[in-house]
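Q:
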Amino acid sequence: MATVQVSEAEKVYILHGIRDDLRVDGRGCEDYRHMEVETDVVSNTDGSAKVTLGHTAVLVGIKAEIGKPRPLIPNEGYLEFFVDCSANATPEFEGRGGEELGTELSNILYKVFNNEHSLDLRSLCISPGEHCWVLYVDVLLLQCDGNLYDAISIAIKAALFNTKIPRVHISSDDEGGKEIELSDDPYDCMRVNVSCIVTLCKIGHRHVVDATLQEKACSVASLIISVTHKGVITCTRKVGRGSLDPESICEMTEAGRRVGKALHSPLIKLLQQEESLGKKRQKVGFLG
Amino acid sequence: MAVDMRLPTVIKAMSLSVSAADRKDMVVPGDVITSDTGFMRGHGTYVDEDKLTASVAGEVQRVDKLICVRPLKTRFNGEVGDVVVGRITEVQQKRWKVETNSRLDSVLLLSSVNLPGGELRRRSAEDELTMREYLQEGDLISAEVQSVFSDGALSLHTRSLKYGKLGQGVLVQLSPSLIKRQKTHFHNLPCGASIILGNNGFVWLYPTPGQQEEEAGGFYTSLEPVSLSDREVISRLRNCLLALAAHKVLLYDTSVLYCYESSLQHQNQNRLHWPTWCLQGNGLVLHARSVQTLKVNR
Numbered sequence: 001m002a003t004v005q006v007s008e009a010e011k012v013y014i015l016h017g018i019r020d021d022l023r024v025d026g027r028g029c030e031d032y033r034h035m036e037v038e039t040d041v042v043s044n045t046d047g048s049a050k051v052t053l054g055h056t057a058v059l060v061g062i063k064a065e066i067g068k069p070r071p072l073i074p075n076e077g078y079l080e081f082f083v084d085c086s087a088n089a090t091p092e093f094e095g096r097g098g099e100e101l102g103t104e105l106s107n108i109l110y111k112v113f114n115n116e117h118s119l120d121l122r123s124l125c126i127s128p129g130e131h132c133w134v135l136y137v138d139v140l141l142l143q144c145d146g147n148l149y150d151a152i153s154i155a156i157k158a159a160l161f162n163t164k165i166p167r168v169h170i171s172s173d174d175e176g177g178k179e180i181e182l183s184d185d186p187y188d189c190m191r192v193n194v195s196c197i198v199t200l201c202k203i204g205h206r207h208v209v210d211a212t213l214q215e216k217a218c219s220v221a222s223l224i225i226s227v228t229h230k231g232v233i234t235c236t237r238k239v240g241r242g243s244l245d246p247e248s249i250c251e252m253t254e255a256g257r258r259v260g261k262a263l264h265s266p267l268i269k270l271l272q273q274e275e276s277l278g279k280k281r282q283k284v285g286f287l288g
Numbered sequence: 001m002a003v004d005m006r007l008p009t010v011i012k013a014m015s016l017s018v019s020a021a022d023r024k025d026m027v028v029p030g031d032v033i034t035s036d037t038g039f040m041r042g043h044g045t046y047v048d049e050d051k052l053t054a055s056v057a058g059e060v061q062r063v064d065k066l067i068c069v070r071p072l073k074t075r076f077n078g079e080v081g082d083v084v085v086g087r088i089t090e091v092q093q094k095r096w097k098v099e100t101n102s103r104l105d106s107v108l109l110l111s112s113v114n115l116p117g118g119e120l121r122r123r124s125a126e127d128e129l130t131m132r133e134y135l136q137e138g139d140l141i142s143a144e145v146q147s148v149f150s151d152g153a154l155s156l157h158t159r160s161l162k163y164g165k166l167g168q169g170v171l172v173q174l175s176p177s178l179i180k181r182q183k184t185h186f187h188n189l190p191c192g193a194s195i196i197l198g199n200n201g202f203v204w205l206y207p208t209p210g211q212q213e214e215e216a217g218g219f220y221t222s223l224e225p226v227s228l229s230d231r232e233v234i235s236r237l238r239n240c241l242l243a244l245a246a247h248k249v250l251l252y253d254t255s256v257l258y259c260y261e262s263s264l265q266h267q268n269q270n271r272l273h274w275p276t277w278c279l280q281g282n283g284l285v286l287h288a289r290s291v292q293t294l295k296v297n298r
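Read top to bottom, the protein sequences are chains A and B. Following full-length UniProt numbering, the residues of the first sequence are numbered contiguously, the last one being 288. Following full-length UniProt numbering, the residues of the second sequence are numbered contiguously, the last one being 298.
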């Protein structure tokens with residue numbers, strides 16, 4: 001991860017600020033930075049989204065293809081992730097520098113999303129054991145300023161909202177084989193609804209949502225929680241070199257559930273508003 | 001607990017009514033400056049088929065027969081006497097390497113810092129071994145440029161009580177071309193915080209020190225908690241600086257103060273509104289006001 005150096009006095013200032021619930025940029029401990037979401041930015045994908053969270057920018061593209069389901073789970077579809085840390089974000093990612101971070105991110109994304117509670121994988125099944133929808137999710141990190149997991153999960157949720165997967169009818173033809181027909185009606189499609197990831201960093205005795213790189217440098221450990229819109233926690237992971245007290249894990253989990261549950265409705269409302277603009281929407285893209 | 005989500009909007013280009021005499025000669029890389037062969041080419045230009053062409057984006061400066069292009073967005077090119085805020089990256093034998101947003105790391109020699117107690121003596125081997133006790137990797141300092149080495153690296157010094165190690169506060173990193181050159185770069189703003197506008201684009205915001213701490217000379221960093229009201233002022237100033245930088249307004253104490261005063265209208269109804277106000281756009285009002293003050297000062 002791109003790191004910044006912080007002096008001892010700056011760390012003390014940040015710690016005392018978080019203790020008083022006033023961070024360096026004026027936010028409270030559970031406030032997110034300004035977020036901008038735009039969908040349908042990449043034309044040759046089935047669904048795409050670009051999310052800017054403060055100075056962190058993430059681009060997600062989704063391609064839906066019909067493939068063979070996994071042998072152990074024949075009646076579910078699945079998602080394949082690939083995270084590319086672009087050298088645009090920081091010179092440390094040049095060449096193979098970003099590979100380590102990329103594999104770490106995609107491993108966690110696999111854990112979170114290939115879980116029946118995070119999203120309904122059975123709806124991606126076409127015929128058990130033979131055909132299912134495979135969603136190839138490509139994540140591109142454009143700018144890195146902390147809190148990558150949250151930005152990536154919001155972008156994946158927005159891109160999946162933008163991806164309309166057509167309904168499939170299976171008919172058996174004359175020779176006994178199965179034929180797959182995609183529905184011709186452009187409105188006969190389904191959408192996948194997923195959970196969101198909330199990262200909580202432990203700084204001092206309190207925890208903080210949406211930490212910047214300076215705040216990350218002052219924290220010892222973080223908790224990554226995946227929460228659905230109903231407030232169900234589907235996946236938890238601890239990252240970082242420090243240790244966490246079991247009591248603080250409980251506190252952080254409760255806070256993560258609260259914050260994660262409140263993240264879904266404004267996002268869905270914004271995406272529906274964007275969709276309702278239709279052709280009138282002014283596409284900003286990358287050169288705005 | 002608040003989440004602020006919006007659809008992105010295209011930032012409209014502001015057009016200020018500037019007279020033709022005031023309008024500077026701006027070029028982009030590849031623009032032909034002149035086809036006259038009588039001129040000498042300076043920095044930022046090259047000759048392409050007998051035509052003088054610009055290689056950087058900036059304004060054209062002409063001194064008699066010498067034409068050069070001064071870029072608008074560039075690394076810090078220090079001159080003697082500039083005040084800089086830098087971060088220590090390495091501790092070497094008899095010197096520290098300081099990162100100052102220039103092409104090469106600047107150098108702070110051991111002989112260029114003040115020893116505790118204000119002693120004037122030759123630096124001994126023991127001083128070399130205890131360098132890390134004074135300045136470590138990651139520490140922030142304010143210093144002045146003493147000289148420029150032949151390869152372009154800057155040599156800094158902190159031989160005055162106002163320079164030295166910086167204590168608690170917030171660092172904002174901006175472009176060096178946005179900082180106006182002034183007589184003094186250390187300001188105690190009337191809103192309750194102090195600011196150091198480093199020429200290299202690094203701006204340091206800190207709570208105004210009390211009377212007794214001014215004699216310390218940078219050796220004693222207070223780790224006492226800063227009061228909540230001071231913190232609010234510093235956070236607001238930080239957001240104002242980022243807003244001014246996003247709208248390319250020249251930074252000096254008056255412009256920062258005007259921005260702070262106009263931001264006071266957006267009080268704490270919802271704290272989250274300050275950053276979004278800043279990034280969304282009172283840019284036109286601020287720019288107009290700054291242009292007005294510049295005209296008044298002429």
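Note that beta-carbon positions come from the ideal geometry of N, C-alpha and C, so glycine has one too.
Per DSSP, Cys57/A is paired with what?
A: Stepping through the first sequence from its first residue, residue 57/A is reached at position 57. A quick correction: the sequence has Ala, not Cys, at residue 57/A. Per DSSP, Thr52/A and Gln143/A.
Q: Among all the DSSP beta bridges, which residues are the ones paired with His207/A?
A: Sequence index remark: in the first sequence, residue 207/A carries index 207 (1-based). His207/A is bridged to Lys202/A.
Q: Could you check if Pro128/A is buried or exposed, using at least 16 other CB atoms within 10 Å of its CB as the buried criterion?
A: Indexing the first sequence from 1 puts residue 128/A at position 128. So Pro128/A counts as exposed.
Q: Starting from the beta carbon of residue 290/A, find every residue of chain B whose beta carbon is closer than 8 Å, and list them in chain order.
A: What is shown of chain A runs 1 to 288, which leaves residue 290/A out entirely.
Q: Which of the three DSSP states is assigned to His16/A in this structure?
A: Within the first sequence, numbered from 1, the residue matching residue 16/A stands at position 16. Of the three classes helix, strand and coil, the one that applies to His16/A here is helix, per DSSP.
Q: In chain B, which residues lie less than 7 Å from Ala151/A when you measure between Cβ atoms?
A: Locating residue 151/A in the first sequence gives position 151, counting from the first residue. Correct list: empty, because the minimum Cβ distance to chain B is about 12 Å.
Q: In this structure, how does DSSP classify Pro74/A when only helix, strand and coil are distinguished?
A: Within the first sequence, the letter at position 74 stands for residue 74/A. In the structure shown, Pro74/A sits in coil (DSSP, three-state: anything other than H, G, I, E or B).
Q: With H, G and I counted as helix, E and B as strand and the rest as coil, what does DSSP make of Phe93/A?
A: In the first sequence, residue 93/A corresponds to position 93, counting from 1. Phe93/A falls in the helix class under three-state DSSP.
Q: Measure from the alpha carbon of Asp230/B to the alpha carbon of each residue in Val98/B, Asp253/B and Leu205/B, then state which is nearest.
A: Indexing the second sequence from 1 puts residue 230/B at position 230. Asp230/B has its Cα closest to that of Leu205/B, out of Val98/B, Asp253/B and Leu205/B.
Q: Which residue wins for smallest C-alpha separation from Val226/B, given the options Cys240/B, Leu244/B and Pro207/B?
A: Translated into the one-based positions of the second sequence, residue 226/B becomes position 226. Residue Pro207/B is the option with its Cα nearest to Val226/B.
Q: Would you say Asn239/B reaches chain A, if we count a Cβ-Cβ gap shorter than 8 Å as a contact?
A: Reading the second sequence from its first residue, position 239 is the one you call residue 239/B. It does; some Cβ of chain A falls within 8 Å.
Q: Can you give me the start and stop residues for the beta strand (DSSP E) that Ile141/B sits inside?
A: Locating residue 141/B in the second sequence gives position 141, where the first residue counts as 1. Taken as a continuous stretch (DSSP letters only), the beta strand (DSSP E) holding Ile141/B covers Leu140 to Val148.
Q: Any idea if Ser7/A is buried or exposed, counting beta-carbon neighbours within 10 angstroms, 16 or more meaning buried?
A: Counting from 1 along the first sequence, the entry for residue 7/A is found at position 7. Buried, because 16 or more other Cβ atoms sit within 10 Å of the Cβ of Ser7/A.
Q: Tell whether a beta-carbon distance below 8 Å holds between Leu79/A and Leu135/A.
A: Within the first sequence, the letter at position 79 stands for residue 79/A. Within the first sequence, the letter at position 135 stands for residue 135/A. Result yes, Cβ atoms of Leu79/A and Leu135/A sit closer than 8 Å.
Q: If distances are taken between C-alpha atoms only, which option among Val41/A, Gly67/A, Met35/A and Tyr32/A comes closest to Leu59/A?
A: As a working note, residue 59/A is residue 59 in the first sequence. Nearest of Val41/A, Gly67/A, Met35/A and Tyr32/A to Leu59/A, Cα basis: Val41/A.
Q: Report the CB separation of Cys196/A from Lys216/A in whole angstroms; it is logged as a contact under 8 Å.
A: Residue numbering aside, residue 196/A sits at position 196 when the first sequence is read from its first letter. Residue numbering aside, residue 216/A sits at position 216 when the first sequence is read from its first letter. At roughly 20 Å, the Cβ-Cβ gap does not stay under 8 Å, so Cys196/A and Lys216/A are not in contact.
Q: What does the Cβ neighbour count give for Glu144/B, buried or exposed, with the cut at 16 atoms within 10 Å?
A: Reading the second sequence from its first residue, position 144 is the one you call residue 144/B. The residue is buried, with at least 16 neighbouring Cβ atoms inside 10 Å.
Q: Identify the residues that DSSP records as bridge partners of Leu263/A: which are they?
A: Taking the first sequence and counting its residues from 1, one reaches residue 263/A at position 263. DSSP lists no partner for Leu263/A.
Q: With DSSP as the reference, label Thr45/B as helix, strand or coil.
A: Residue 45/B sits at position 45 when you count from the first residue of the second sequence. If DSSP states are grouped into helix, strand and coil, Thr45/B belongs with the strands.
Q: Among residues of its own chain, excluding the 5 on either side of Arg19/A, which ones have a beta-carbon nearer than 8 Å to its beta-carbon?
A: Position 19 of the first sequence, counted from the start, is the residue given in the question as residue 19/A. Gly204, His205 and Arg206.
Q: Determine the DSSP secondary structure at Leu197/B, reduced to helix, strand or coil.
A: Within the second sequence, the letter at position 197 stands for residue 197/B. The answer is strand: DSSP assigns Leu197/B an E or B state.
Q: Taking Asn114/B as part of the beta strand (DSSP E), name the residues at either end of that continuous run.
A: Position 114 of the second sequence, counted from the first residue, corresponds to residue 114/B. Unbroken run through Asn114/B: none, as it is neither H nor E.
Q: Please confirm whether Val6/A has its beta-carbon closer than 8 Å to some beta-carbon of chain B.
A: Position 6 of the first sequence holds residue 6/A. Judged by the 8 Å Cβ criterion, Val6/A is in contact with chain B.
Q: Taking contact to mean 3 or more Cβ pairs, one atom from each stretch, closer than 8 Å, check whether the region 178-196 of chain B and the region 145-159 of chain B are in contact.
A: The region 178-196 of chain B vs the region 145-159 of chain B: no contact.
Q: Thinking just about the alpha-carbon of each residue, which of Gly231/A, Asp145/A and Gly285/A is nearest to the one in Ser265/A?
A: The residue labelled residue 265/A in the question sits at position 265 within the first sequence. Among Gly231/A, Asp145/A and Gly285/A, the Cα nearest to that of Ser265/A is on Gly231/A.
Q: Strictly below 8 Å CB to CB, what residues from chain A border Leu104/B?
A: Translated into positions along the second sequence, residue 104/B becomes position 104. Residues of chain A passing the Cβ test: none, with the nearest at roughly 16 Å.
Q: For the alpha helix (DSSP H) containing Gln214/A, name the first residue and the last one.
A: Here residue 214/A refers to the residue found at position 214 of the first sequence. Element bounds for Gln214/A: Leu213 to Cys218.
Q: According to DSSP, is Gly47/A helix, strand or coil?
A: Taking the first residue of the first sequence as position 1, residue 47/A is located at position 47. Strand at Gly47/A.
Q: What residue range does the beta strand (DSSP E) around Tyr187/A cover?
A: Along the first sequence, read from residue 1 onward, the residue named residue 187/A stands at position 187. Per DSSP, Tyr187/A belongs to no beta strand (DSSP E) and is neither H nor E.
Q: Apart from the five residues on each side of it in sequence, which residues of its chain come closer than 6 Å, Cβ to Cβ, to Gly58/B?
A: The sequence position of residue 58/B within the second sequence is 58, counting from 1. Same-chain partners within the cutoff: Val69, Arg70, Pro71 and Leu72.
Q: With 8 Å set as the bound, which would you pick, yes or no: does the beta-carbon of Leu174/B sit closer than that to a beta-carbon of chain A?
A: On the second sequence, position 174 is the one that residue 174/B refers to. Closer than 8 Å: no.
Q: When you compare only the Cα positions, how much space is there between Leu241/B and Gly198/B?
A: Taking the first residue of the second sequence as 1, we reach residue 241/B at position 241. Taking the first residue of the second sequence as 1, we reach residue 198/B at position 198. Going from the Cα of Leu241/B to the Cα of Gly198/B covers about 13 Å.
Q: For Val112/A, does the three-state DSSP call read helix, strand or coil?
A: On the first sequence, position 112 is the one that residue 112/A refers to. If DSSP states are grouped into helix, strand and coil, Val112/A belongs with the helices.
Q: Taking contact to mean at least 3 C-beta pairs separated by less than 8 Å, is the region 80-99 of chain B in contact with the region 148-168 of chain B?
A: Yes, since at least three Cβ pairs between the region 80-99 of chain B and the region 148-168 of chain B fall closer than 8 Å, the two stretches touch.
Q: Within the continuous alpha helix (DSSP H) that includes Lys157/A, where are the two ends?
A: Numbered from 1 along the first sequence, position 157 holds the residue referred to as residue 157/A. Where Lys157/A is concerned, the enclosing alpha helix (DSSP H) stretches over Leu148 to Asn162.
Q: Suppose the cutoff is 8 Å on Cβ atoms and the five residues either side in sequence are ignored; what does the same chain contact list for Val284/A look like?
A: Position 284 of the first sequence, counting from 1, holds the residue named residue 284/A. Counting only Cβ-Cβ distances below 8 Å, and skipping sequence neighbours, we find Glu38.
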